[in-house]
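In the numbering used here, the protein residues as written are 4 to 148. All residues carry an ideal CB built from backbone N, CA and C; glycine is no exception. Here the structure comes first, spelled out in structure tokens, and everything after it is commentary.
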Amino acid sequence: MNKLTTFSRAILAIAIMLCVALPTLAHDFEVGGIYYNYLNKTARTVEVTRGTNNYTGIVTIPSSVTYSGTTYSVSSIGDGAFYNCTGLTYIIIPNSVTSIGNQAFYDCSGLTSITIPNSVTAIGNDAFYGCSNLIESNNVISPTS
């Protein structure tokens, strides 16, 4: 019986650690409803990432964000950051962003407009796959399905 109790306690402890750790894996911090991961704390750069909720409506990504007294430059949109955010309709990307990750806007079927600055020099694979309603942009992105 003692071995079973020790085993049960070990399993319970692991389950609790996983429940506490998993939510923190999605993002490092959130400001103004947008979630970010640190890219380089020394260089003070971050990327937009997938949060615990889907992004909806109009999203304006800031060029910089302040968290815990430190200002970080938003330099990229991470892989899958807006994946399957079907309620996302319009996104404005600042000049500080230089890359858009793989599948960043994958299956964002409600996305109708996006502003991509000339600073973006890399767009990942399938970044706009399934954005069937994308009809307007400052830099042309053709809809794919």
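Assignment of Val123 by DSSP, reduced to helix, strand and coil, places it in the coil class.
Taking the Cα of Ser112 as reference, the smallest distance to any Cα among Gly36, Ala125 and Tyr58 is reached at Tyr58. With fewer than 16 other Cβ atoms from the protein chains shown falling within 10 Å of its own Cβ, Ala125 counts as exposed.
Contiguous beta strand (DSSP E) elements confined to the region 45 to 92 occur at 48 to 52, 60 to 63, 67 to 70 and 73 to 80, taking only those with 3 or more residues. Between Val68 and Val123, the C-beta gap is not smaller than 7 Å, which leaves the two residues out of contact.
For Phe108, the three-state secondary structure derived from DSSP is coil. Sorting Gly60, Arg53 and Ile64 by C-alpha distance to the C-alpha of Val77 places Ile64 at the top. When only Cα atoms are considered, Ser102 and Gly60 end up about 22 Å apart.
Taking the Cα of Tyr86 as reference, the smallest distance to any Cα among Thr55, Arg47 and Pro97 is reached at Thr55.
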